[in-house]
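Asks: Let me begin by handing over the structure; questions about it come next.
Number of protein chains: 2
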Amino acid sequence: MKKGIPPHNCQEQSTKACVLRVPIFNHLEPHQLDEIMSATRSVGYTKGELINRAGDPSDMLSIVNAGKVKIYRLSESGKEQLVRILAPGDFSGELALFRESVHESYSVAMEDTQICTITRPDLQAFLLKYPTIALKILAEFSRRLEASEKQTTLVSTEKVEKRLALYLIECLEQEGAATELTLPMSKKNLASYLGTTPETISRKLVEFENAGFIRQKARRRIEILNLDGLRAGITIRL
Amino acid sequence: MKKGIPPHNCQEQSTKACVLRVPIFNHLEPHQLDEIMSATRSVGYTKGELINRAGDPSDMLSIVNAGKVKIYRLSESGKEQLVRILAPGDFSGELALFRESVHESYSVAMEDTQICTITRPDLQAFLLKYPTIALKILAEFSRRLEASEKQTTLVSTEKVEKRLALYLIECLEQEGAATELTLPMSKKNLASYLGTTPETISRKLVEFENAGFIRQKARRRIEILNLDGLRAGITIRL
DNA sequence: TTGCAAACTTGATCAAGGTCAAGGTTTCTT
DNA sequence: AAGAAACCTTGACCTTGATCAAGTTTGCAA
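Here it is in structure tokens:
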């Protein structure tokens with residue numbers, strides 16, 4: 002399944018960019034960066050390619066250098082649940098790094114993607130040698146843990162309508178001070194992320210539109226017309 | 002709100018036990034343990050006492066020495082969602098430790114409880130001095146992250162019936178090879194943990210009983226009669 | 001550019017499970 | 001041991017949102 006792009010794509014160039022780009026390393030001295038770079042390999046994947054399945058042995062940290070990676074789980078009953086989307090600079094492989102283990106989730110390249118990898122032994126050595134890296138990773142983990150627990154709470158205590166509204170608001174905030182946002186994924190994926198179905202997403206967005214909270218535009222763009230209304234989440238029933 | 006138990010309870014004794022008991026420290030040398038112990042304070046809480054609220058500033062790692070602590074979040078709409086229960090040896094305060102921050106969740110003592118605390122500056126110093134501690138914490142975080150993401154998937158893709166069945170099975174596994182398990186929390190809390198209501202838990206357990214999968218006994222004990230049936234989760238409708 | 005596949009929309013139906021209410025049990029507390 | 005307070009159970013009802021089905025639109029590849 003995993004074919005990758007031939008070795009001529011593993012340029013020194015992109016490996017370097019990768020290490021420089023990642024928050025967990027970019028505070029290091031140049032000579033330390035060089036050291037890490039030399040332990041790094043770069044692999045390419047083409048759009049739609051499966052990077053790993055749940056159950057695959059996991060023994061490296063993967064850092065996205067270019068492209069986008071979708072990480073999802075399959076439930077017992079075979080439903081797909083989107084966990085997160087990795088953008089350049091994001092990393093994955095957390096579980097595997099600190100104990101022998103296998104992947105718990107699937108990942109696919111959403112676009113043509115370059116990934117840099119460091120093996121577990123190499124990373125562990127770096128962590129002991131440069132403890133500040135561990136602090137950075139701890140910070141990132143605590144951020145993710147926080148996000149994940151929040152997501153659990155959201156899914157288990159709020160109705161779809163509110164989950165969707167909060168998600169839109171979150172997207173808006175990431176866009177800066179804009180009044181318009183671009184969904185970072187398809188509605189199908191969004192449904193999977195929010196624990197619902199594409200049909201329901203579709204209907205709820207129409208409701209928001211009818212309530213005058215938003216306007217849907219082309220290419221996944223959504224204009225926010227009434228942020229407070231959206232936040233309150235009270236859509237007028239007919 | 003936070004009143005604690007007077008200082009005479011902060012015995013050297015319990016502080017030592019605490020540090021020894023925790024997986025993140027118990028691999029260290031005696032002199033290192035002494036060093037950490039001297040940076041540790043012990044505080045007591047009485048049953049039902051609120052330890053912290055969401056929004057409180059969080060600047061220390063807390064380790065449970067004795068007792069049980071319930072950690073929960075409140076959703077936007079005011080519903081309580083149980084995140085986890087800390088037993089002796091478990092720790093909490095993750096988010097706060099690596100960046101200035103506030104608690105995202107509430108914690109209450111479920112019984113009379115002793116907690117040891119280490120301030121952020123002290124812990125950060127130890128992490129840099131003894132990098133193996135960071136590795137231990139990373140391992141624990143990755144375990145929790147994994148559990149949390151699994152929980153999200155479960156809640157967002159499976160029906161209550163299956164979530165409950167899987168939960169029972171998980172409890173059973175933790176009891177060793179027994180055919181009987183004790184729910185570690187009230188059904189009300191279990192409902193909150195599984196993202197449902199006490200009424201539904203009650204009804205589903207009766208369904209499982211009618212299907213011959215389990216038998217409910219006194220004091221939160223449940224006997225498993227048909228593990229495979231439970232796993233398959235197909236209850237016979239009338 | 002055409003054509004196919006995937007994504008999206010809309011409608012109709014229905015089951016899961018949340019809510020409200022009322023009684024019955026544990027379990028603390030005093 | 002009595003009383004109170006939580007917890008649990010059961011019933012009736014009704015909302016939410018999943019599912020199935022059938023178009024429609026969009027995006028991409030040849």
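If you read the protein sequences in the order shown, they are chains B and G.
Going by the numbering used here, the first residue of the first sequence is number 2, and it counts up by one from there.
Going by the numbering used here, the first residue of the second sequence is number 2, and it counts up by one from there.
For each residue, glycine too, the CB sits at the ideal point set by N, CA and C.
#1: Leaving out five residues on either side along the sequence, give the residues of the same chain with a beta carbon under 8 Å from the beta carbon of B/G230.
#2: When we look at the beta-carbon of G/H32 and count the other beta-carbons within 10 Å, is it buried (16 or more) or exposed?
#3: Does any residue of chain B bring its CB to less than 7 Å from the CB of G/Q33?
#4: With C-beta atoms as the reference, is B/A55 less than 7 Å away from B/E105?
#5: Suppose contacts are defined by Cβ-Cβ distances below 7 Å. Is B/V103 in contact with B/L51 by that definition?
#6: Below 7 Å between beta carbons: does that hold for B/Y73 and B/Y107?
#7: Could you tell me if G/A233 is buried or exposed, where buried requires 16 or more neighbouring beta carbons within 10 angstroms of its beta carbon?
#8: Take B/P58 as the anchor and find which of B/L98, B/S78, B/I138 and B/V23 has the nearest alpha-carbon.
#9: What would DSSP say about B/V103, mapped onto helix, strand or coil?
#10: Below 9 Å between beta carbons is the criterion; list the residues of the region 192 to 211 of chain B that meet it against any residue of chain G, in chain order.
#11: Can you pull out the residues from the region 45 to 66 of chain B whose beta carbon lies closer than 8 Å to at least one beta carbon of chain G?
#12: Report yes or no: is there a C-beta of chain G within less than 7 Å of the C-beta of B/E1?
#13: Less than 7 Å separating the beta-carbons of B/I202 and B/K188?
#14: For B/E208, which of B/T198, B/E162, B/G177 and B/K80 has the nearest alpha-carbon?
#15: Is G/E13 helix, strand or coil when you go by DSSP?
#16: Using three-state DSSP, classify B/E77 as helix, strand or coil.
#17: If you drop the 5 nearest sequence neighbours on each side, which residues of the same chain put their C-beta closer than 6 Å to that of B/K205?
#18: Taking C-beta to C-beta, are G/A62 and G/G94 nearer than 7 Å?
#19: May I ask which residues mark the beginning and end of the alpha helix (DSSP H) holding G/I25?
Replies: Taking the structure as given:
#1: Around B/G230: A212, G213 and F214.
#2: exposed
#3: So no, G/Q33 is outside the interface.
#4: With contacts defined by Cβ atoms closer than 7 Å, B/A55 and B/E105 form a contacting pair.
#5: No.
#6: Taking 7 Å as the Cβ cut-off, B/Y73 and B/Y107 qualify as a contacting pair.
#7: exposed
#8: B/L98
#9: strand
#10: S193, Y194, L195, G196 and T197
#11: none
#12: Not covered by the structure: residue 1 of chain B. The range shown for chain B is 2 to 239.
#13: yes
#14: B/E162
#15: A caution first: G/E13 carries a pLDDT of 48, below 50, which makes its placement in the model too unreliable to give a value.
#16: coil
#17: E162 and L165
#18: Ala is not the amino acid found at residue 62 of chain G; the sequence shown has Leu there. Contact check for G/L62 against G/G94 passes: the beta carbons are separated by less than 7 Å.
#19: Run containing G/I25: none; DSSP gives neither H nor E here.
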